[in-house]
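>
There are 2 protein chains.
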Amino acid sequence: MIDTKEKLIDTAERLFADHGYASTSLRQIINKAGVNLAAVHYHFGSKEELLDALVHRKAEAVNRERVERLERLEAEMGGRPLAVEDILHAFFMPTANVAAANPQFVRVMGRIHSEGLMPGIAQKHFHPTAKRFLAALRRALPDLSEAEFAWRVHFMMGAMAHTMCATPFFPVPQDDFHGRMRRLVAFLSAGFRAPAAEH
Amino acid sequence: MIDTKEKLIDTAERLFADHGYASTSLRQIINKAGVNLAAVHYHFGSKEELLDALVHRKAEAVNRERVERLERLEAEMGGRPLAVEDILHAFFMPTANVAAANPQFVRVMGRIHSEGLMPGIAQKHFHPTAKRFLAALRRALPDLSEAEFAWRVHFMMGAMAHTMCATPFFPVPQDDFHGRMRRLVAFLSAGFRAPAAEH
DNA sequence: GTCTATACTGAGATAGAC
DNA sequence: GTCTATCTCAGTATAGAC
Numbered sequence: 625m626i627d628t629k630e631k632l633i634d635t636a637e638r639l640f641a642d643h644g645y646a647s648t649s650l651r652q653i654i655n656k657a658g659v660n661l662a663a664v665h666y667h668f669g670s671k672e673e674l675l676d677a678l679v680h681r682k683a684e685a686v687n688r689e690r691v692e693r694l695e696r697l698e699a700e701m702g703g704r705p706l707a708v709e710d711i712l713h714a715f716f717m718p719t720a721n722v723a724a725a726n727p728q729f730v731r732v733m734g735r736i737h738s739e740g741l742m743p744g745i746a747q748k749h750f751h752p753t754a755k756r757f758l759a760a761l762r763r764a765l766p767d768l769s770e771a772e773f774a775w776r777v778h779f780m781m782g783a784m785a786h787t788m789c790a791t792p793f794f795p796v797p798q799d800d801f802h803g804r805m806r807r808l809v810a811f812l813s814a815g816f817r818a819p820a821a822e823h
Numbered sequence: 625m626i627d628t629k630e631k632l633i634d635t636a637e638r639l640f641a642d643h644g645y646a647s648t649s650l651r652q653i654i655n656k657a658g659v660n661l662a663a664v665h666y667h668f669g670s671k672e673e674l675l676d677a678l679v680h681r682k683a684e685a686v687n688r689e690r691v692e693r694l695e696r697l698e699a700e701m702g703g704r705p706l707a708v709e710d711i712l713h714a715f716f717m718p719t720a721n722v723a724a725a726n727p728q729f730v731r732v733m734g735r736i737h738s739e740g741l742m743p744g745i746a747q748k749h750f751h752p753t754a755k756r757f758l759a760a761l762r763r764a765l766p767d768l769s770e771a772e773f774a775w776r777v778h779f780m781m782g783a784m785a786h787t788m789c790a791t792p793f794f795p796v797p798q799d800d801f802h803g804r805m806r807r808l809v810a811f812l813s814a815g816f817r818a819p820a821a822e823h
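In order, the protein sequences belong to chains A and B.
The numbering used here applies: residue 625 is where the first sequence begins, and numbers increase by one.
The numbering used here applies: residue 625 is where the second sequence begins, and numbers increase by one.
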């Protein structure tokens, strides 16, 4: 069948979101999708590459909107460095749009994060775009030392991954992803602009 | 043998640090320790509880030093709210001491984080103490709404876990854990004191 | 090219002899 | 307390039908 591949991805997305990546066996997926076990390896090669295909299907839209927003900012400012807030806003808000349109996918990203698969996935699907944002951020914060800047980016990575993906352990309106991102941008902007710790 | 248990924990610590938790099989551990597979299940019950025992052995020292520092601060201030920086400093610095004395263990914690096992471990071994710090932090930031405060704590969790445990993707002096924590405290303190994002 | 049936390897867990 | 033997189930690999 022509769309065995799509059906596998759809089914995997549902099951990964509900039960996690590691806890979902390929046999569960193929049973629900009604195909044979080896079809997975024919189309994808491995369980991991099935996950990769799943992420790739949605990551492109996020990356495209991120770049559009960044380029719009750069055009507005014409050469001058951008504001930290604006850069972070351009980076985080597109994820809120995906979250609204496709909660299933965000739940899978949450699983990816909480199961420790995020570094590989981020590197592969998001890093090329993210590098442009880091360059803009560096220009916006010329007074920080290289080391201080690198560490603050590292802090941001942690807060970001945890916030976009992990379920907070307190009750929260499910659909307020925009608000969550706005709070995150405010918090991180202040952190980035803090005076460097003395040594 | 009386110390089969200790030998298993020691061996597991080495192997978990070097190769990760999931990638280390019980069979590797028992071969290196020179004991039988079933001994693991006799002494610990499961692979997961072996890890638990390993963490428990070191977590107590961290928790004790954290509480001591917090109580010393509270005594100094006698009733008045503490400063955000001081609270965070008291919370993060003890981890730097463990890192210096026992790099092996910190590497295991890094594995725990990057393999997505941190929530469970943190809940079990660190949360009771951490709650006292959250209470102090709340008193230090009375003007934040409950929601804003909860989210900022969430951001901190992400930055913390990522920073204490994850290997940064840039070169960094291995033993500068104190410096890393100081930078983190400065970053987070500024974030906590940022004006709340408007809604 | 697409898929089915089946076999292979290695994981954690367990029952019961000693 | 310890060890042997065995169980179940995972991801993966291959042979061959269509």
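Every residue gets a Cβ at the ideal spot worked out from N, C-alpha and C, and that includes glycine.
Within 10 Å of its beta-carbon, does Y666 (chain B) have 16 or more other beta-carbons around it, so buried, or fewer, so exposed?
One-based indexing of the second sequence puts residue 666 (chain B) at position 42. With fewer than 16 Cβ atoms within 10 Å of its Cβ, Y666 (chain B) is classed as exposed.
> R731 (chain B) CB to nearest chain A CB: under 8 Å?
For the purposes of this step, residue 731 (chain B) is taken as the residue at position 107 of the second sequence. Closer than 8 Å: no.
> Relative to the alpha-carbon of L674 (chain B), which residue among B:D800, B:L661, B:A785 has its alpha-carbon at the smallest distance?
Taking the first residue of the second sequence as position 1, residue 674 (chain B) is located at position 50. It is B:L661 whose Cα lies nearest to the Cα of L674 (chain B).
> Using a Cβ distance threshold of 8 Å, determine whether the stretch 811–822 of chain A contacts the stretch 646–663 of chain B, with at least three qualifying pairs required.
By the Cβ criterion, the stretch 811–822 of chain A is not in contact with the stretch 646–663 of chain B, since fewer than three pairs of Cβ atoms, one from each stretch, lie closer than 8 Å.
> Would L639 (chain B) and T628 (chain B) be called neighbours here (beta carbons separated by less than 8 Å)?
Stepping through the second sequence from its first residue, residue 639 (chain B) is reached at position 15. Stepping through the second sequence from its first residue, residue 628 (chain B) is reached at position 4. Taking 8 Å as the Cβ cut-off, L639 (chain B) and T628 (chain B) do not qualify as a contacting pair.
> If we call anything under 8 Å between Cβ atoms a contact, is V679 (chain B) one with T719 (chain B)?
What you label residue 679 (chain B) is simply residue 55 of the second sequence in a count that begins at 1. What you label residue 719 (chain B) is simply residue 95 of the second sequence in a count that begins at 1. Contact flag unset, no.
> Quick one, are the C-beta atoms of F801 (chain A) and A723 (chain A) less than 8 Å apart?
The residue you call residue 801 (chain A) lines up with position 177 of the first sequence. The residue you call residue 723 (chain A) lines up with position 99 of the first sequence. Yes; because the gap between Cβ atoms is below 8 Å, this pair is in contact.
> Going straight from the alpha carbon of T635 (chain B) to that of R804 (chain B), what length do you get?
Sequence index remark: in the second sequence, residue 635 (chain B) carries index 11 (1-based). Sequence index remark: in the second sequence, residue 804 (chain B) carries index 180 (1-based). If you draw a straight line from the Cα of T635 (chain B) to the Cα of R804 (chain B), it comes to about 29 Å.
> For M781 (chain A), decide whether its Cβ has a neighbour in chain B, counting only Cβ atoms nearer than 8 Å.
Here residue 781 (chain A) refers to the residue found at position 157 of the first sequence. Answer yes: the Cβ-Cβ gap between M781 (chain A) and chain B drops below 8 Å somewhere.
> Would G669 (chain B) and R735 (chain B) qualify as a contact pair, given that the criterion is a beta-carbon distance under 8 Å?
Here residue 669 (chain B) is taken as the residue at index 45 of the second sequence, counted from 1. Here residue 735 (chain B) is taken as the residue at index 111 of the second sequence, counted from 1. Contact: no.
> Could you give the distance in angstroms between the alpha-carbon of E700 (chain B) and the alpha-carbon of K755 (chain B)?
Residue mapping note: residue 700 (chain B) aligns to position 76 of the second sequence, counting from 1. Residue mapping note: residue 755 (chain B) aligns to position 131 of the second sequence, counting from 1. When rounded, the separation of the alpha-carbon atoms in E700 (chain B) and K755 (chain B) is 20 Å.
> With 16 as the cutoff for other CB atoms within 10 Å, does R696 (chain A) come out buried or exposed?
Looking up residue 696 (chain A) in the first sequence gives position 72. Burial call: exposed.
> Short of 7 Å in beta carbon distance, which residues of its chain neighbour A646 (chain A), apart from the five on each side in sequence? Order them along the chain.
Taking the first residue of the first sequence as position 1, residue 646 (chain A) is located at position 22. Cβ within range, chain order: E739.
> Three Cβ pairs or more, each shorter than 8 Å: is that satisfied between the stretch 776–783 of chain B and the stretch 777–793 of chain A?
yes
> Tell me the residue span of the alpha helix (DSSP H) that contains A707 (chain A).
The residue you call residue 707 (chain A) lines up with position 83 of the first sequence. Note, A707 (chain A): premise wrong, no alpha helix (DSSP H); not H, not E.
> Might you give, ordered along the chain, the residues of its own chain that have their beta carbon closer than 7 Å to the beta carbon of N726 (chain B), omitting 5 neighbours on each side?
Mapped onto the second sequence, residue 726 (chain B) falls at position 102. Contacts found: K682.
> Is there a Cβ from chain A that is less than 8 Å from the Cβ of A774 (chain B)?
One-based indexing of the second sequence puts residue 774 (chain B) at position 150. Yes, A774 (chain B) lies at the interface with chain A (some Cβ there is under 8 Å from its Cβ).
> Which residues of chain B have a Cβ atom closer than 7 Å to the Cβ of T787 (chain A), listed in chain order?
Residue mapping note: residue 787 (chain A) aligns to position 163 of the first sequence, counting from 1. Near T787 (chain A) (Cβ distances below 7 Å), the residues of chain B are H778, F779, G782.
> Of all Cβ atoms in chain B, is any one closer than 8 Å to the Cβ of F815 (chain A)?
By 1-based counting over the first sequence, the position of residue 815 (chain A) is 191. The residue asked about is misnamed: residue 815 (chain A) is Gly in this sequence, not Phe. Judged by the 8 Å Cβ criterion, G815 (chain A) is in contact with chain B.
> Given a threshold of 16 other Cβ atoms within 10 Å of its Cβ, counted over all protein chains shown, does R806 (chain B) qualify as buried or as exposed?
Along the second sequence, one-based indexing puts residue 806 (chain B) at 182. The residue is buried, with at least 16 neighbouring Cβ atoms inside 10 Å.
> Would you decide whether H751 (chain A) is buried or exposed? Buried here means 16 or more other CB atoms lie within 10 Å of its CB.
As a working note, residue 751 (chain A) is residue 127 in the first sequence. Classification for H751 (chain A): exposed.
> Could you say if the stretch 760–774 of chain B and the stretch 765–775 of chain A meet the contact criterion of at least three C-beta pairs nearer than 8 Å?
no
> Buried or exposed for R776 (chain A), please, with buried defined as at least 16 other CB atoms from any protein chain shown within 10 angstroms of its CB.
Within the first sequence, residue 776 (chain A) is the residue found at index 152, counting from 1. By the 10 Å Cβ count, R776 (chain A) comes out buried.
> Counting along the chain, where does the alpha helix (DSSP H) carrying D676 (chain A) start and finish?
What you label residue 676 (chain A) is simply residue 52 of the first sequence in a count that begins at 1. 671–701 is the span of the alpha helix (DSSP H), which, as asked, contains D676 (chain A).
> Quick check: the Cα distance between V809 (chain B) and D710 (chain B), rounded to an integer number of angstroms?
As a first step, residue 809 (chain B) is located in the second sequence; it is residue number 185 there, counting from the start. As a first step, residue 710 (chain B) is located in the second sequence; it is residue number 86 there, counting from the start. Each residue's Cα considered, the two are about 9 Å apart.
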